[in-house]
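Colleague: In the numbering used here, the protein residues as written are 327 to 518.
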């Protein structure tokens, strides 16, 4: 049974062995002020200790849940994006997974991932390569750099298709409308 509440994008941050999930953007969610959640969650991805197996994650960072409740995880230390179908006991590598590196077929510490529904592609913060890449969602073997020279740690897309990207090094958030290469600072950017 599908869950009625859909997260558009969630960032995960690790401290010691505890992960904190911080929502970045929600898609038309009307949550009652007195809403309560179960105190015991279920594992929907990973859960088999840290590792590089297809049923394991290593430093999971950002994640995205699509309309079918498929979870896409930025598996940071494994340099890959892993797709976990609802109820699956293992994932499928959908981007990267070819060791750390800067090649078009590689990722290096991906921090976040979202889906561009219009282009049916993944958009990935490839943090240690200082780039944002677009990767075909279906049968993609390599990605295309769409933004360079950026310390991206988080991103989201609005209903108009504009991409919002955080730049950790410049302490700013930029909005990129479709076709723009420079983007516009929409938050921060007032010095370091």
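Ideal Cβ positions, reconstructed from N, Cα and C, are used throughout, including at glycine.
Would you check if there are 3 or more beta carbon pairs closer than 8 Å linking the region 395 to 409 to the region 435 to 442?
Modeller: Judged by Cβ distances under 8 Å, the region 395 to 409 makes contact with the region 435 to 442, as three or more pairs qualify.
Colleague: Between the beta-carbon of residue 457 and the beta-carbon of residue 468, is there less than 8 Å?
Modeller: On the chain shown, residue 457 is found 131 positions in, with the first residue counted as 1. On the chain shown, residue 468 is found 142 positions in, with the first residue counted as 1. No, these two residues do not count as a Cβ contact at 8 Å.
Colleague: Considering Cα atoms alone, identify which of 463, 433, 441 is closest to residue 453.
Modeller: Counting from one through the chain shown, the residue named residue 453 turns up at place 127. Ranking 463, 433, 441 by Cα distance to residue 453 puts 433 first.
Colleague: At a cut of 8 Å, does the region 499 to 509 reach the region 482 to 490 through at least three beta carbon pairs?
Modeller: The region 499 to 509 is in contact with the region 482 to 490.
Colleague: Roughly how many angstroms lie between the CA atoms of residue 466 and residue 408, to the nearest whole one?
Modeller: In the chain shown, counting from the first residue as 1, residue 466 sits at position 140. In the chain shown, counting from the first residue as 1, residue 408 sits at position 82. In a straight line, the C-alpha of residue 466 is about 13 Å away from that of residue 408.
Colleague: Could you tell me which residues DSSP pairs with residue 492 in its beta bridges?
Modeller: Translated into positions along the chain shown, residue 492 becomes position 166. Beta-bridge pairing links residue 492 to 499.
Colleague: What are the boundary residues of the beta strand (DSSP E) that includes residue 484?
Modeller: Locating residue 484 in the chain shown gives position 158, where the first residue counts as 1. Unbroken run through residue 484: none, as it is neither H nor E.
Colleague: To test your reading of the DSSP string, which unbroken beta strand (DSSP E) runs of 3 or more residues are found completely within the region 419 to 453?
Modeller: 436 to 442, 447 to 452
Colleague: Grab the span of the beta strand (DSSP E) containing residue 470 for me, first residue to last.
Modeller: As a working note, residue 470 is residue 144 in the chain shown. Where residue 470 is concerned, the enclosing beta strand (DSSP E) stretches over 470 to 474.
Colleague: Which residues does DSSP pair with residue 512 in a beta bridge?
Modeller: Taking the chain shown and counting its residues from 1, the one referred to as residue 512 is at position 186. Answer is none; residue 512 lacks a bridge partner.
Colleague: Out of 493, 419, 363, point me to the one whose CA is closest to residue 515's CA.
Modeller: For the purposes of this step, residue 515 is taken as residue 189 along the chain shown, with counting starting at 1. Selected option, being the one with the closest Cα: 493.
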